[in-house]
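FYI, in UniProt numbering the residues of the sequence shown are 1 to 65.
Below is one structure, written out as structure tokens; the observations come after it.
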Amino acid sequence: MITCPVCGQRTVGKVGADQYFCWDCCVEFIMSGQSFKVFDVELDGTLTLHDDPMQNAVNLEVQKG
Ligand SMILES: [Zn+2]
Numbered sequence: 001m002i003t004c005p006v007c008g009q010r011t012v013g014k015v016g017a018d019q020y021f022c023w024d025c026c027v028e029f030i031m032s033g034q035s036f037k038v039f040d041v042e043l044d045g046t047l048t049l050h051d052d053p054m055q056n057a058v059n060l061e062v063q064k065g
């Protein structure tokens, strides 16, 4: 079961091979193994990287080693 990495809900639709869309917070995300990238969908349909505080926390952990 795919859940949204941002809100944790299951209102997720598949839009590509490894690409999903969350209807709850209107973000797209791409799953690759255990990692994922989250994108905001702009009004004109373009994707911009979603600034997720949880991902920043993970990056800090990685930097600490
Ligand atoms: Zn969501």
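Every residue gets a Cβ at the ideal spot worked out from N, C-alpha and C, and that includes glycine.
Keep in mind the model is a prediction, meaning the values are calculated, not measured.
{"Item": "Quick check: V27 and H50, are their CB atoms within less than 9 Å of each other?", "Value": "yes"}
{"Item": "Quick check on DSSP: helix, strand or coil for V6?", "Value": "coil"}
{"Item": "Quick check: D18 and C4, are their CB atoms within less than 9 Å of each other?", "Value": "no"}
{"Item": "Report the three-state DSSP secondary structure of V27 (helix, strand or coil).", "Value": "strand"}
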